[in-house]
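>
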Amino acid sequence: MDFKANDKGYYGEFGGAYIPELLYANVEELRLRYKEIVAEESFQKEYHQLLKDYVGRPSPLYYATRLSEHYGSHIYLKREDLNHTGAHKINNTIGQILLAQRLGKKRIIAETGAGQHGVATATVCALKGMECIVYMGAKDMERQAPNVARMKMLGAKVVPALSGSRTLKDATNEAIRDWINHPEDTHYIIGSVVGPHPYPEMVAKFQSVISEEMKWQLKEATGNENPDYIMACVGGGSNATGAFYHFLNEEKVKLIAVEAAGMGVDSGHTAATTYSGRKGIIHGSKTLLMQTEDGQIAEPYSLSAGLDYPGIGPLLAHLFTSKRAAFEYVTDEEALKAGFFLAKQEGIICALETAHALAVLEKKKFGKEEVVVICLSGRGDKDLDTYMKHLDTYV
Numbered sequence: 002m003d004f005k006a007n008d009k010g011y012y013g014e015f016g017g018a019y020i021p022e023l024l025y026a027n028v029e030e031l032r033l034r035y036k037e038i039v040a041e042e043s044f045q046k047e048y049h050q051l052l053k054d055y056v057g058r059p060s061p062l063y064y065a066t067r068l069s070e071h072y073g074s075h076i077y078l079k080r081e082d083l084n085h086t087g088a089h090k091i092n093n094t095i096g097q098i099l100l101a102q103r104l105g106k107k108r109i110i111a112e113t114g115a116g117q118h119g120v121a122t123a124t125v126c127a128l129k130g131m132e133c134i135v136y137m138g139a140k141d142m143e144r145q146a147p148n149v150a151r152m153k154m155l156g157a158k159v160v161p162a163l164s165g166s167r168t169l170k171d172a173t174n175e176a177i178r179d180w181i182n183h184p185e186d187t188h189y190i191i192g193s194v195v196g197p198h199p200y201p202e203m204v205a206k207f208q209s210v211i212s213e214e215m216k217w218q219l220k221e222a223t224g225n226e227n228p229d230y231i232m233a234c235v236g237g238g239s240n241a242t243g244a245f246y247h248f249l250n251e252e253k254v255k256l257i258a259v260e261a262a263g264m265g266v267d268s269g270h271t272a273a274t275t276y277s278g279r280k281g282i283i284h285g286s287k288t289l290l291m292q293t294e295d296g297q298i299a300e301p302y303s304l305s306a307g308l309d310y311p312g313i314g315p316l317l318a319h320l321f322t323s324k325r326a327a328f329e330y331v332t333d334e335e336a337l338k339a340g341f342f343l344a345k346q347e348g349i350i351c352a353l354e355t356a357h358a359l360a361v362l363e364k365k366k367f368g369k370e371e372v373v374v375i376c377l378s379g380r381g382d383k384d385l386d387t388y389m390k391h392l393d394t395y396v
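So, in structure tokens, the structure goes:
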């Protein structure tokens, strides 16, 4: 099966570019030029140098001894939480800021949910001396205050989105409105594998450094470059896509994508798109998304701001409908329990997003010789306020 986008940006039936006429010139310029620019020797040299010397790649592939003993299998953690800025998001923003420079753009806009993409965008804008405006849901600004402070310290202007549920979906709407009003000088750094073509393909490629490293790291550690399972959480799906990318055609590698069930998949307070969503168009692409009976976008819910999004990227939708990846659903309560357990077992405080992926260890049985890799997409200091509210329950 082919998991690459075609020339129109479709993965199977999902993808494309559903955009207002005012954005057509920007998106078309990006579509026509990004592959050419990314292929340039000078781009590749600067990109990989920054990933090594600025981001700190390769990120470690850590053998989690106590988790492995507890669950009776071989568990490895891909430590994207150790990247500069504390999440996988920096892999993509490094690539896109270099692209924006070469396109002659002077102004950067972005959207963010948990704040990790916003911090990564503000960081690369500071690195390159570019103006930076980050749109963030007002609710997310309250629950991710440390990341708001980081963005401001890095020189970014953080603009609250006050409509709808005041979360990631609404921040994305505001960013698109800004882009429509500033089509000439502005590049929109989208943080996930969502949006109009070529964004899903481009972000996936920048994040594929995760699975590229996993291949040779597993070979060194186990003698086999392919694990039995790869697990990653899914909001829009950028860390999952990066972790899966170089294993998509390795049919023996089982891919498990983990969505936020919130208070339960049937509770009405969930972000489990593949469970409760259906085909539709959101933020410029055709994919699976949560909708009301009359086709309006439904309000998602998750304790984790980074997973609080009503859709998934088109490649993830294709992986779901083609059954190449299995999708699991984890509640707030299960994620919190897994996050506290990892802290006590391995001395790692992970992001709440990542805790959703870890919670699947309680739901499935793995063979004692099987190798399981979990992508630790971000660190948990941004979520300490939430963790502390539940300290007495889980410690």
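Numbering (the working numbering), first residue to last: 2 to 396. Cβ coordinates follow ideal geometry from the N, Cα and C atoms, glycine included. The structure displayed is predicted, hence computed values, not measured ones.
1. Can you give the Cα-Cα distance for GLU59 and LYS79, rounded to whole angstroms?
2. Just to confirm the assignment, what range does the alpha helix (DSSP H) spanning TYR395 have?
3. Would you mind working out which of LYS364, LEU362, VAL361 and ALA336 sits nearest CYS351, comparing C-alpha positions?
4. So, helix, strand or coil for PHE248, using DSSP?
5. Is TYR77 helix, strand or coil by DSSP?
6. Hey, does GLY265 have any beta-carbon neighbour from chain B nearer than 8 Å?
7. What's the gap between the Cα of LEU163 and the Cα of GLU213?
8. Determine, using beta carbons only, whether ASN93 and VAL235 come nearer to each other than 8 Å.
9. I'd like the list of long-range same chain contacts for THR113, defined as Cβ closer than 7 Å, with 5 residues on each side in sequence excluded.
10. What does a CB cutoff of less than 6 Å around ILE98 pick up in its chain, not counting 5 residues either side in sequence?
11. Taking the beta strand (DSSP E) that LYS220 falls in, what are its first and last residues?
12. To the nearest angstrom, how far is it from the Cα of MET152 to the Cα of PHE15?
13. Would a C-beta distance cut-off of 8 Å place GLU132 and ILE95 closer than the cut-off?
14. Which same chain residues end up closer than 7 Å to THR332 when comparing Cβ atoms and leaving out the 5 residues on each side of it in sequence?
15. Taking just the CA atoms, how far does MET389 sit from GLU29?
16. Excluding the 5 residues preceding and the 5 following ASP186 in the sequence, name in chain order all residues of the same chain whose CB lies nearer than 8 Å to its CB.
17. Looking only at DSSP bridge pairs, what is VAL135 linked to?
18. So, with DSSP's three-state summary, where would you put GLU279?
19. How far does the alpha helix (DSSP H) with CYS126 in it extend, from its first residue to its last?
20. Counting pairs of beta carbons, one from the stretch 209-227 and one from the stretch 290-310, are three or more of them closer than 8 Å?
21. Is the beta carbon of MET291 sitting closer than 8 Å to the one on PRO315?
22. Assuming ILE139 contacts SER305 (C-beta within less than 8 Å), just tell me the rounded distance between them.
23. Who are the near neighbours of MET361 in its chain, counting only those whose CB is closer than 7 Å to its CB and skipping five residues on each side?
24. Return the first residue and the last residue of the alpha helix (DSSP H) that PHE4 is part of.
25. Please go through the same chain and pick out, in chain order, the residues whose beta-carbon is closer than 6 Å to the beta-carbon of GLY307, but skip the five residues on each side of it.
26. Helix, strand or coil: how does DSSP classify LYS287 here?
27. Counting C-beta neighbours from all protein chains within 10 Å, is the total for LEU23 16 or more, i.e. buried, or is it exposed?
28. So the candidates are ALA101, ASP54, ASP179 and GLY368; which of them puts its Cα closest to the Cα of LYS36?
29. Is the separation between the beta-carbon of GLY87 and that of ALA123 shorter than 8 Å?
30. Run through DSSP, which three-state label would ARG380 get?
31. Relative to the alpha-carbon of THR288, which residue among GLY348, LEU320 and GLN45 has its alpha-carbon at the smallest distance?
32. Looking at the structure shown, is PHE44 part of a helix, part of a strand, or coil, going by DSSP?
33. Go to ALA339, then tell me how far its alpha helix (DSSP H) extends in each direction, as first and last residue.
34. Regarding TYR64 and the ligand NAP, is the C-beta to nearest heavy atom distance less than 7 Å?
If we stick to the structure as given:
1. For clarity, residue 59 is Pro in the given sequence; the question names Glu instead. Taking the straight line joining both Cα atoms gives about 10 Å.
2. 392-395
3. ALA336
4. In the structure shown, PHE248 sits in a helix (DSSP, three-state: H, G or I).
5. strand
6. The structure shown contains no chain B, having only a single protein chain.
7. 39 Å
8. no
9. GLY119, VAL135, MET137, ALA172 and GLY192
10. VAL125 and LYS129
11. Here LYS220 belongs to no beta strand (DSSP E); instead the alpha helix (DSSP H) covers 210-223.
12. 33 Å
13. no
14. ALA262, GLY263, MET264 and GLY265
15. So the two alpha carbons sit approximately 46 Å from each other.
16. LYS106, LYS107 and ARG108
17. ALA111 and VAL159
18. First, the residue type needs correcting, since residue 279 is Arg and not Glu in the sequence shown. ARG279 carries a strand assignment under DSSP once its states are collapsed to helix, strand and coil.
19. 117-129 is the span of the alpha helix (DSSP H), which, as asked, contains CYS126.
20. no
21. no
22. The question names Ile, but residue 139 in the sequence shown is Ala. Wrong, their Cβ atoms sit about 17 Å apart, outside the cutoff.
23. Just to set this straight, residue 361 is Val in the shown sequence, not Met. MET232, ILE257, VAL259, GLU329 and VAL331, listed in sequence order.
24. Segment: none, PHE4 is in no alpha helix (DSSP H) and carries neither H nor E.
25. GLY114, ALA115, GLY236 and GLU354
26. Secondary structure at LYS287: strand, using DSSP grouped into helix, strand and coil.
27. exposed
28. ALA101
29. no
30. strand
31. When each option's Cα is compared against that of THR288, the closest is LEU320.
32. helix
33. 333-347
34. Among the components modelled here there is no ligand, and therefore nothing to report on the ligand NAP.
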